[in-house]
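Throughout, my numbering is defined as the position within the sequence shown, counted from one, plus 79. Using N, Cα and C, we set each Cβ at its ideal position, and we do this for glycine too. A quick note: this is a predicted structure, and the numbers were derived from the prediction, not measured. Working notes, beginning with the structure itself.
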Amino acid sequence: QVQLVESGGGLVQAGGSLRLSCAASGRIVMGWFRQAPGKEREFVARISWSGGITTYTDSVKGRFTISRDNAKNTVYLQMNSLSPEDTAVYYCNAGGVGTIPGDYWGQGTQVTVSS
């Protein structure tokens, strides 16, 4: 059983930045998904257990960076140049492959970008 604890969401103006954190109870492939109101949950980014391989959905490439600190079993999502279209609940996920989520989810953190 993997436990995930997220932090770092909030309200930011368009063009601003936020950093999300997800602390895991073990070292595992991890990623971020998001769900906007009225939409399905979608893949955002993933990082391998070593941190050497990262994958992003096209809409966030060049703006978001996923990273990890294995000493702390923590994964980060640095989000820059945010737009209102990024408004969603962001979920940390563990154990998935590619854009397919694994079985473990964080509680979700709200990110709201105002125009």
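- Residue 84 is bridged by DSSP to 102.
- Burial is judged here by how many other beta carbons sit within 10 angstroms of a residue's own beta carbon; residue 125 has at least 16 and is buried.
- For the pair residue 191 and residue 153, the CB atoms are not nearer than the 7 Å cut-off.
- Between the beta-carbon of residue 156 and that of residue 90 there is about 17 Å, and that puts the pair past the 8 Å contact cut.
- For the stretch 103–151, the continuous beta strand (DSSP E) assignments of 3+ residues that do not extend past its boundaries occur at 109–114, 121–126, 133–135, 143–148, in sequence order.
- For residue 121, the number of other beta carbons within 10 angstroms of its own is below 16, and it is reported as exposed.
- Excluding residues up to 5 positions away in sequence, 92 lie with their Cβ nearer than 6 Å to the Cβ of residue 193 in the same chain.
- Burial state of residue 84 is exposed, judged by a 10 Å Cβ sphere holding fewer than 16 other Cβ atoms.
- Residue 193 is bridged by DSSP to 92.
- Just so you know, the alpha carbons of residue 128 and residue 105 end up roughly 10 Å apart.
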